[in-house]
Amino acid sequence: MEIASLYQDLEYKDDKPVIKVLFETSFTKEIRIAMKKGTQMKEHKTSFPIVVEIVEGEINFGIQNQIKNLEKGDLIALEVSIPHSLEAIEDSIVRLTLTKNDEVDR
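Note that my numbering has the sequence shown beginning at 62, numbered continuously upward.
Printed below as a string of structure tokens:
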């Protein structure tokens, strides 16, 4: 059994998102991304499907030449190799669920 808090040791940086692996199970990696207002994750894509949840705040999620506004409580699931980007509209906490074989670095 694994227990983690999305709020424990929460840290924001002015110039880039703060990425922390909360825990790994036999099938997933649970990641917290803390984004200060105005910070971005440039366009990238994944080798495995992912699920992104907005725990706190608001982000613009760029996908397929569109911007989707995601707020607290919203989730989005992406299949393999879909380019996407994130920009924090306000201080935000994002939960990222990766498959076990995926890499954390983006």
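Glycine included, each C-beta is placed from N, C-alpha and C at the ideal position.
Quick caveat, the model's predicted, so the values are computed rather than measured.
query: Nearest candidate by alpha-carbon position, reference LYS97, set SER87, VAL141 and ILE80; result: ILE80
query: Rounded distance between the beta-carbons of ASP163 and LYS90, thought under 8 Å; result: 7 Å
query: DSSP state of ALA138 mapped onto helix, strand, coil; result: strand
query: GLY123: first and last residue of the uninterrupted beta strand (DSSP E) it sits in; result: 119-124
query: Cβ pair ASP135, ILE150 closer than 8 Å; result: no
query: Nearest neighbour of ASN130, chosen from VAL141, GLU140 and HIS145 [CA to CA]; result: HIS145
query: Where THR86 falls: helix, strand or coil (DSSP); result: coil
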